[in-house]
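Working notes, structure below.
Listed below in structure tokens is the structure:
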């Protein structure tokens, strides 16, 4: 659970709403599996419906998908597997999730392209930033799979990197089991309060695990805002893209 102290953060109870034109949405693999191994079709269908609604409103959406519902390289390494090979297995897991999301999006009538950092021409395009931008400008959803195509890089870092390369206005971090950044762990502290905004520096100074430090540094250095919000609910993605006060907005200033 994400925790921050009030002394480490810049807090504004009423930050101005942000209505992005182009976003990169990070979806965890655990969401796709509904907390289990594999893909839960009803969950993916719900995600697709929300993304379709946002796309029809004219917002350009790219998605980075995790693979934790299939494999986690770091966890496989703890069981004795070579980390490089374990990470590549995790990347393949993300592609399975990408294809599932693509299928449900196209059933919603939304043109979708999957781009992967590992070449697999029979199921996806190679990752090319300019081509991704062109797809977005045509109203298509682009789903990025296979992480960075290299071991030791988390999908959080990939999300920030892809957002910068395609000139997104905001990173949307959809989280499982938490709906923002809190002053303490709300599971054990009943006085914990959700913060509406915090700076990247405030998060980094406390060593918090909202996302990995590489992703935070990329966003901070390039003044790319990040919105952390809960994955639970039938309209959280729609509300986040509409500029509603949902989750916690993390900014450089």
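Numbering (full-length UniProt numbering), first residue to last: 1 to 253.
Quick reminder that beta carbons are idealized off the backbone N, C-alpha and C, glycines included.
**Prompt:** Mind checking residue 232: buried by the 16 CB within 10 Å criterion, or exposed?
**Reply:** exposed
**Between the CA atoms of residue 181 and residue 2 - distance to the nearest angstrom** = Unreliable positioning characterises residue 2 in this predicted model, as indicated by a pLDDT of 47, which lies under 50. A coordinate reading is not provided.
**Request:** Go ahead and label residue 163 buried or exposed: buried means 16 or more other beta carbons lie within 10 angstroms of its beta carbon, across all protein chains shown.
**Result:** buried
**Prompt:** Where are the beta strand (DSSP E) runs, 3 residues long or more, that stay fully inside the stretch 85-130, in chain order?
**Reply:** 112-116
**Prompt:** With 16 as the cutoff for other CB atoms within 10 Å, does residue 26 come out buried or exposed?
**Reply:** buried
**Asked** Given residue 237, which residues of its chain have a CB within under 6 Å of its CB, disregarding the five upstream and five downstream residues?
**Response** 50
**Prompt:** By a C-beta neighbour count over all protein chains shown, 10 Å radius and 16 as the cutoff for buried, is residue 219 buried or exposed?
**Reply:** buried
**Asked** If we ignore side chains and look at the alpha-carbon of each, how far apart do residue 217 and residue 200 end up?
**Response** 8 Å
**Message:** Please tell me whether residue 227 and residue 170 are closer than 8 Å, where the distance is taken between their beta carbons.
**Reply:** yes
**Message:** How far does the alpha helix (DSSP H) with residue 200 in it extend, from its first residue to its last?
**Reply:** 200-205
**Asked** Alpha carbon to alpha carbon, what distance is there between residue 215 and residue 205?
**Response** 14 Å
**Short Cβ contact (8 Å threshold) for residue 104 with residue 36** = no
**Message:** I'd like to know whether the C-beta atoms of residue 139 and residue 53 end up nearer to each other than 8 Å.
**Reply:** no
**Message:** Quick check on the DSSP output: the beta strand (DSSP E) that includes residue 70 runs from which residue to which?
**Reply:** Element bounds for residue 70: n/a, residue is neither H nor E.
**Message:** Check for me: the beta strand (DSSP E) holding residue 145 runs from which residue to which?
**Reply:** 141-145
**Candidates 195, 211 and 125: closest to residue 246 by CA position** = 195
**Request:** May I ask you to list the residues that DSSP assigns as paired with residue 250?
**Result:** 198 and 226
**Asked** Where do the N-terminal and C-terminal ends of the alpha helix (DSSP H) with residue 242 fall, by residue?
**Response** Run containing residue 242: none; DSSP gives neither H nor E here.
**Message:** Using a 10 Å radius around the Cβ and a threshold of 16 neighbouring Cβ atoms, would you call residue 160 buried or exposed?
**Reply:** buried
**Message:** Just verifying my parser: in three-state terms, what is the DSSP assignment at residue 28?
**Reply:** coil
**Request:** Give the secondary structure of residue 46 by DSSP, where H, G and I count as helix, E and B as strand, and everything else as coil.
**Result:** helix
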